[in-house]
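Please read the structure below before turning to the comments.
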Amino acid sequence: MRVRRAEDDDLPLLAAVERAADQLFVPLGMTDFPPPATPQQRAAAWRVLVEGRPPRGFAVLDQVDGAVHVEQLSVDPAHGRQGIGAALLAATVDAAREAGADRVTLCTYADVPWNGPFYARHGFVEVAEPTPGLAALLAHEVELGLDRYGRRAAMARPV
Numbered sequence: 001m002r003v004r005r006a007e008d009d010d011l012p013l014l015a016a017v018e019r020a021a022d023q024l025f026v027p028l029g030m031t032d033f034p035p036p037a038t039p040q041q042r043a044a045a046w047r048v049l050v051e052g053r054p055p056r057g058f059a060v061l062d063q064v065d066g067a068v069h070v071e072q073l074s075v076d077p078a079h080g081r082q083g084i085g086a087a088l089l090a091a092t093v094d095a096a097r098e099a100g101a102d103r104v105t106l107c108t109y110a111d112v113p114w115n116g117p118f119y120a121r122h123g124f125v126e127v128a129e130p131t132p133g134l135a136a137l138l139a140h141e142v143e144l145g146l147d148r149y150g151r152r153a154a155m156a157r158p159v
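Here the sequence shown stands for residues 1 to 159, numbered as in the UniProt record's numbering.
Set out below in structure tokens:
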């Protein structure tokens, strides 16, 4: 499995991966997520990592309060349970270390099995008092209505 930095021709393909991954939430009644980001929006991120050619999974990374923040991690369910998500997280930790960050952060559904518990298995713990930037991201998610589907949590892990 090879995780790499996304190239320009990868970016238009990420929306299909995200839409496919979002289908996992439908049985939980979670059906009206915001639309996937455009290729231009993805290109504006600090870094985008992909696995596969064409991408089977991706991670969009930003920098928040001195940490590398996982803004989005999606894996096409047709390629799920093969370690792609774990490989993307490992590459994220490597990128954070190379950038001099001391931690990786993210916001997720705390109780959805392939979200909070998945991240916990990879060393992430819930943050009781998020940094200002992380708190702002959580507040923005509430503005988008993402909390209507369950408890949102900020999580972090050291690099």
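All C-beta atoms, glycine included, are put in the ideal place defined by N, C-alpha and C.
- Distances from the alpha-carbon of Thr-131 to those of Gly-66, Gly-123, Asp-147 put Gly-66 closest.
- A distance below 8 Å between beta-carbons, with the five flanking residues on each side excluded, links Ile-84 to the following residues of its chain, in chain order: Met-1, Glu-51, Gly-52, Arg-56, Gly-57, Val-75.
- Contact check for Val-159 against Ala-59 fails: the beta carbons are separated by 9 Å or more.
- Nearest Cα to Ala-86 within the set Gly-150, Leu-13, Trp-114: Trp-114.
- Counted as a single uninterrupted DSSP element, the alpha helix (DSSP H) harbouring Tyr-119 occupies residues 116 to 121.
- Separation of the CB atoms of Glu-141 and Arg-152 is rounded to 6 Å, and the pair is thereby assigned contact status at 8 Å.
- Listed as beta-bridge partners of His-69 by DSSP are Asp-62, Thr-105.
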